[in-house]
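Counted from 1, the sequence shown has number 573 at position 525 by this note's numbering; the numbering is strictly sequential. A short write-up of the structure that comes next.
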Amino acid sequence: MGQVKNFEARVFRALRREPPQTKVHRLAFWLLIIYLILLPTRLLPGVAGAVFNGIGSFTLFLLIIFCVPLVWRWIFGRFLWKLRNRLIMTYLLMALTPVVLFVLLALIALYGFSGQFAIFAATSDIDAQMEHYGAENRAFCVHVAHFLATSPGSKSVSPPPEMEDTAPGSLDTGLHMAAFQDGKPVAITPADLQATEITHVPSWAEDRFRGAVRDNGKLYLRAIDMQTIGSHTTTLITSVLVDRARLDRVAHGLGRIEIVPNLPVDDENSAGGDQSRLNTPSQSGMKVELRHHEATREEIRKNSIVGGSLPAAQHFYDIPISFYAPLETRDWATGKALGTPTIVTSRPSLLYQRLFITSLTVATFVQNILIAIAVFFAILELIAFIMAVRLNRTITRSVNDLYDATLEIDQGNLAHRIKVTRSDQLASLSRSFNRMSYSLERLLAEQREKERLQGELAIAQEVQANLFPHGSVSLPMLELHGACYPARTVSGDYYDFLVSGDSGLGLALGDISGKGISAALLMATLHSAVRAYRFAGEDLLTAGHQLSAAVMTHGSTNGNGSDPFLEPAKILTQLNRHLYRSTQPEKYATLFLAHYDGCTSQLTYSCGGQLPPLILRSDNSTTQLGCGGTVVGLLEHATYDQGVEKLNLGDILIAYSDGVTEPENDFGEFGEERLLEVVRRHRHLPLEAISEQVMQSLRNWIGGQEQPDDITLVLARQR
Numbered sequence: 049m050g051q052v053k054n055f056e057a058r059v060f061r062a063l064r065r066e067p068p069q070t071k072v073h074r075l076a077f078w079l080l081i082i083y084l085i086l087l088p089t090r091l092l093p094g095v096a097g098a099v100f101n102g103i104g105s106f107t108l109f110l111l112i113i114f115c116v117p118l119v120w121r122w123i124f125g126r127f128l129w130k131l132r133n134r135l136i137m138t139y140l141l142m143a144l145t146p147v148v149l150f151v152l153l154a155l156i157a158l159y160g161f162s163g164q165f166a167i168f169a170a171t172s173d174i175d176a177q178m179e180h181y182g183a184e185n186r187a188f189c190v191h192v193a194h195f196l197a198t199s200p201g202s203k204s205v206s207p208p209p210e211m212e213d214t215a216p217g218s219l220d221t222g223l224h225m226a227a228f229q230d231g232k233p234v235a236i237t238p239a240d241l242q243a244t245e246i247t248h249v250p251s252w253a254e255d256r257f258r259g260a261v262r263d264n265g266k267l268y269l270r271a272i273d274m275q276t277i278g279s280h281t282t283t284l285i286t287s288v289l290v291d292r293a294r295l296d297r298v299a300h301g302l303g304r305i306e307i308v309p310n311l312p313v314d315d316e317n318s319a320g321g322d323q324s325r326l327n328t329p330s331q332s333g334m335k336v337e338l339r340h341h342e343a344t345r346e347e348i349r350k351n352s353i354v355g356g357s358l359p360a361a362q363h364f365y366d367i368p369i370s371f372y373a374p375l376e377t378r379d380w381a382t383g384k385a386l387g388t389p390t391i392v393t394s395r396p397s398l399l400y401q402r403l404f405i406t407s408l409t410v411a412t413f414v415q416n417i418l419i420a421i422a423v424f425f426a427i428l429e430l431i432a433f434i435m436a437v438r439l440n441r442t443i444t445r446s447v448n449d450l451y452d453a454t455l456e457i458d459q460g461n462l463a464h465r466i467k468v469t470r471s472d473q474l475a476s477l478s479r480s481f482n483r484m485s486y487s488l489e490r491l492l493a494e495q496r497e498k499e500r501l502q503g504e505l506a507i508a509q510e511v512q513a514n515l516f517p518h519g520s521v522s523l524p525m526l527e528l529h530g531a532c533y534p535a536r537t538v539s540g541d542y543y544d545f546l547v548s549g550d551s552g553l554g555l556a557l558g559d560i561s562g563k564g565i566s567a568a569l570l571m572a573t574l575h576s577a578v579r580a581y582r583f584a585g586e587d588l589l590t591a592g593h594q595l596s597a598a599v600m601t602h603g604s605t606n607g608n609g610s611d612p613f614l615e616p617a618k619i620l621t622q623l624n625r626h627l628y629r630s631t632q633p634e635k636y637a638t639l640f641l642a643h644y645d646g647c648t649s650q651l652t653y654s655c656g657g658q659l660p661p662l663i664l665r666s667d668n669s670t671t672q673l674g675c676g677g678t679v680v681g682l683l684e685h686a687t688y689d690q691g692v693e694k695l696n697l698g699d700i701l702i703a704y705s706d707g708v709t710e711p712e713n714d715f716g717e718f719g720e721e722r723l724l725e726v727v728r729r730h731r732h733l734p735l736e737a738i739s740e741q742v743m744q745s746l747r748n749w750i751g752g753q754e755q756p757d758d759i760t761l762v763l764a765r766q767r
């Protein structure tokens, strides 16, 4: 492999080119080497030369395939790297390509029109002759019918005096006739006018037939007319052989006409033999096949009828125009419709004279006008090209200035400015670039500030995450689980578990108005306030125990030793006053507080504007915890009530924020009933699994939409 690469490097170094780097480039190089090696072997005689010729052709085909991506890469990687070359290529594709295609289409259409016109001119002359022969045939048919009706015993008929110009010696020496009465031939005098090749009336013959027929390998123009008088039907057939002399008259002033009335057709055995020869890879088989095709072409040339000649060209664009069209022909024996190949070769000058045969002066004038228009269009195209080049220079100069400016900016030179002297759109672009470089430093500073804020926001998210309960919080008689899913980076929802001793538990769940940073800050305030009341209650409870001991000693008490968290309504009242005085008027929170006593399985609660939690009983009935009051922090002197519920074995407490029940789709809100249904269906699972099932149902309900609100769910199950 190393020697191969060294050889490639030496060859390309000798050519002052870089060695190939890609596999495609290397394959193309070695294919070129192989093709050059095979070139002399193609001159070997016999089968060896043919084999090496085939291998060389296949190698050349592969070389072209592998060179296409290399050329394409060079065009787009080097030649079109410069904008100037791109614009020139764009102009050529957008301007010259449509012109070339239009000219090509016009030439193809002109060629087709000229060929069709030549075919039309030839067939028109043939049709005119047929009409002439048909008229004479009709008149002669009527004459013969009346003659035979008046002279029933006559064995021959002769043309009427007005048709003597069709007799031998006239211009139409090839015209012959055949007469039949009731299908029996009738002799025509003179004998030279008798069509001896027509011995009977074909079964397909019809009255007033005019057309070309193929009879015994020859092409004829024939007309058939029938006349019935009394009980006898007279049929007259006029036949004219299509030969070189007749085609010379048709092709006069038109060019050259070739008709092949009898194409050779191989039979099945011959076709099978040809196929076997084609399938035989031997050299003798190829020679036999070649001789067969040469014999076929020779037979076609022998059977063809050629009339007229092609004159010399009058100018360089007076090219030969050959057009093919099948001449409608019938087989004389069967009446089957055939298409006789007809090739008309002419020149534009001949067709032009034929088209304007009535006024050659008008033809010359039209020709001069067309040439003048073509020259005028060429001048317009040249002017357009020059203007495009000038515009190209202004565009490339502006782009080059922009490119240099971007290099300066990339090197950190934000003070670089582009010199602008024009007032077009590109100049406006340069001015915009100058303004961009002026603003770039300020934008970079703002980006750094934004990154700093995002870092602080990430820290805030981490701090808020620490406010939620960590690890597994539970009591021997109560299983607990809580989860919060923020709609944004930080959440405005809040939940907390406050364990007191071995059987006491404080439970809090709240929702702050709004979203984002402000809601998160208020949530932290609410969290700290609830915790402060909790800790203050514990201190008060400790002091109460000490005071009780003193009372037992001195005999007096004032009842100050009870835990205030046992009365959630009083806590809500204090929190309401605290939030009202420390926050803006439009800020408030919904809060659910509860105290659970594990000894009695009683839950004392108060609901401050929060969606009422639910207790899913062991018998699948539900209890709503709606006792409480209004939202917290909106009214200064708001009061709250509290209620008490007993939790039985298997009962599940469901506390949630509005982010659980209010998400909508086309069918409406998720709702409380669906929440209960999910919990009821999976109540035998652990609380973490039930919470995950609720979240999965919510995600399915929301679909691809963004989470609309913070989602908080707290579950507690009595053991």
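Heads up, the beta-carbon is just placed ideally off N, CA and C, and yes, glycines get one too.
Considering only C-alpha positions, which residue in the set 189, 637 and 524 is nearest to residue 569? Residue numbering aside, residue 569 sits at position 521 when the sequence shown is read from its first letter. Residue 637 is the option with its Cα nearest to residue 569.
Environment of residue 707 [buried if 16+ CB atoms lie within 10 Å]: Here residue 707 refers to the residue found at position 659 when the sequence shown is read from its first residue. That one is buried.
For residue 281, the residue or residues it bridges with in DSSP: Counting from 1 along the sequence shown, the entry for residue 281 is found at position 233. 276, per the DSSP bridge assignment.
If you follow the alpha helix (DSSP H) that residue 679 is part of, which residue opens it and which one closes it? Locating residue 679 in the sequence shown gives position 631, counting from the first residue. Run containing residue 679: none; DSSP gives neither H nor E here.
Could you compute how far the alpha carbon of residue 745 sits from the alpha carbon of residue 542? Your numbering for residue 745 matches position 697 in the sequence shown. Your numbering for residue 542 matches position 494 in the sequence shown. Computed Cα separation, rounded: 22 Å.
Contact set for residue 252: own chain, Cβ-Cβ below 6 Å, skip 5 residues either direction: Your numbering for residue 252 matches position 204 in the sequence shown. So the qualifying residues of the chain are 383.
Drop a sphere of 10 angstroms on the beta-carbon of residue 532, count the other beta-carbons inside from all chains shown, and report buried for 16 or more, exposed for fewer. One-based indexing of the sequence shown puts residue 532 at position 484. Flag for residue 532 reads buried.
How about residue 204 and residue 246: are their beta carbons less than 8 Å apart? Reading the sequence shown from its first residue, position 156 is the one you call residue 204. Reading the sequence shown from its first residue, position 198 is the one you call residue 246. No, they are not a contact pair.
Nearest-angstrom beta carbon gap, residue 700 and residue 731 [assumed within contact, 8 Å]: Numbered from its first residue, the sequence shown carries residue 731 at position 683. Numbered from its first residue, the sequence shown carries residue 700 at position 652. Indeed, because the Cβ distance is near 6 Å, the residues count as touching under 8 Å.
Considering only the alpha carbon of each residue, which of 489, 235, 170 and 427 lies closest to residue 370? Counting from 1 along the sequence shown, the entry for residue 370 is found at position 322. Checking every option, the nearest Cα to that of residue 370 belongs to 170.
Proximity winner among 75, 520, 386 and 165, relative to residue 113 (alpha-carbon distances): Position 65 of the sequence shown holds residue 113. Measuring from the Cα of residue 113, the nearest candidate turns out to be 75.
What are the boundary residues of the beta strand (DSSP E) that residue 700 is part of? As a position in the sequence shown, residue 700 is number 652, starting the count at 1. Counting along the chain, the beta strand (DSSP E) containing residue 700 begins and ends at 700 to 704.
Quick one, are the C-beta atoms of residue 262 and residue 390 less than 8 Å apart? On the sequence shown, residue 262 is found 214 positions in, with the first residue counted as 1. On the sequence shown, residue 390 is found 342 positions in, with the first residue counted as 1. Contact: no.
From residue 749 to residue 625, what distance separates their C-alpha atoms? As a first step, residue 749 is located in the sequence shown; it is residue number 701 there, counting from the start. As a first step, residue 625 is located in the sequence shown; it is residue number 577 there, counting from the start. Those two C-alpha atoms are separated by around 39 Å.
Close-in-space but distant-in-sequence residues of the same chain around residue 741 (CB under 6 Å, 5 per side omitted): For the purposes of this step, residue 741 is taken as the residue at position 693 of the sequence shown. These residues qualify, in order along the chain: 726 and 730.
Would you report the Cα separation of residue 136 and residue 476, rounded to the nearest angstrom? The count along the sequence shown starts at 1 and reaches residue 136 at position 88. The count along the sequence shown starts at 1 and reaches residue 476 at position 428. Taking the straight line joining both Cα atoms gives about 23 Å.
Three-pair Cβ contact test at 8 Å for the region 641 to 659 versus the region 555 to 570: yes
Given that a residue counts as buried once 16 or more other Cβ atoms are within 10 Å of its Cβ, and exposed if not, what is residue 21? Residue numbering for the chain in the displayed model covers 49 to 767; residue 21 lies beyond these limits and cannot be assessed.
For residue 351, the nearest candidate out of 364, 388, 357 and 362 (CA to CA): To locate residue 351, count along the sequence shown from 1; it is residue 303. Among 364, 388, 357 and 362, the Cα nearest to that of residue 351 is on 388.
DSSP-derived helix/strand/coil call for residue 223: Locating residue 223 in the sequence shown gives position 175, counting from the first residue. Three-state DSSP puts residue 223 in a strand.
Indicate the three-state DSSP secondary structure (helix, strand or coil) for residue 229 in the structure shown. As a position in the sequence shown, residue 229 is number 181, starting the count at 1. Correct three-state label for residue 229: strand.
Do residue 198 and residue 230 come within 8 Å of each other at the CB atom, strictly closer than that value? Counting from 1 along the sequence shown, the entry for residue 230 is found at position 182. Counting from 1 along the sequence shown, the entry for residue 198 is found at position 150. Not a contact, by the Cβ cut-off of 8 Å.
Report the rounded CA-to-CA distance for residue 255 versus residue 184, giving the unit in angstroms. Here the question's residue 255 lines up with position 207 in the sequence shown. Here the question's residue 184 lines up with position 136 in the sequence shown. Approximately 14 Å between the Cα atoms of the pair.
Report the residue ranges of all alpha helix (DSSP H) runs contained in full by the region 447 to 522; include only those spanning at least 4 residues, in chain order. 473 to 515
Let's see if you can read the secondary structure: which residues bound the alpha helix (DSSP H) around residue 245? Translated into the one-based positions of the sequence shown, residue 245 becomes position 197. Note, residue 245: premise wrong, no alpha helix (DSSP H); not H, not E.
Residue span of the alpha helix (DSSP H) that contains residue 721, given as start and end: As a position in the sequence shown, residue 721 is number 673, starting the count at 1. 719 to 729 is the extent of the alpha helix (DSSP H) around residue 721.
Cutting at 7 Å between CB atoms, please list the residues of its own chain near residue 176, excluding the five before and the five after it. For the purposes of this step, residue 176 is taken as residue 128 along the sequence shown, with counting starting at 1. Closer than 7 Å at the Cβ level, and outside the excluded window around residue 176, lies no residue.
Tell me which residue opens and which closes the alpha helix (DSSP H) that residue 194 is part of. What you label residue 194 is simply residue 146 of the sequence shown in a count that begins at 1. Per DSSP, residue 194 belongs to the alpha helix (DSSP H) from 145 to 198.
At least one CB of chain B closer than 8 Å to the CB of residue 414: is that the case? Of the chains in the structure shown, none is chain B; there is only one protein chain.
Comparing the CB of residue 644 with every heavy atom of the ligand SAH, is any distance shorter than 7 Å? As presented, the structure is devoid of all ligands, the ligand SAH included, so that no description of it is given.
Among 668, 575 and 462, which has the Cα closest to the Cα of residue 627? As a first step, residue 627 is located in the sequence shown; it is residue number 579 there, counting from the start. It is 575 whose Cα lies nearest to the Cα of residue 627.
Using the C-alpha atoms, what's the distance from residue 539 back to residue 567? Within the sequence shown, residue 567 is the residue found at index 519, counting from 1. Within the sequence shown, residue 539 is the residue found at index 491, counting from 1. Approximately 7 Å between the Cα atoms of the pair.
Please list the terminal residues of the continuous beta strand (DSSP E) segment that includes residue 371. Position 323 of the sequence shown, counted from the first residue, corresponds to residue 371. Run containing residue 371: 369 to 379, per the beta strand (DSSP E) assignment.
Just checking, does the region 134 to 152 make contact with the region 436 to 443 on the three C-beta pairs under 8 Å criterion? yes
How would you write the range of the alpha helix (DSSP H) that residue 88 sits in, first residue to last? The residue you call residue 88 lines up with position 40 of the sequence shown. Counting along the chain, the alpha helix (DSSP H) containing residue 88 begins and ends at 71 to 89.
Is the separation between the beta-carbon of residue 529 and that of residue 763 shorter than 8 Å? By one-based count along the sequence shown, residue 529 stands at place 481. By one-based count along the sequence shown, residue 763 stands at place 715. Yes; because the gap between Cβ atoms is below 8 Å, this pair is in contact.
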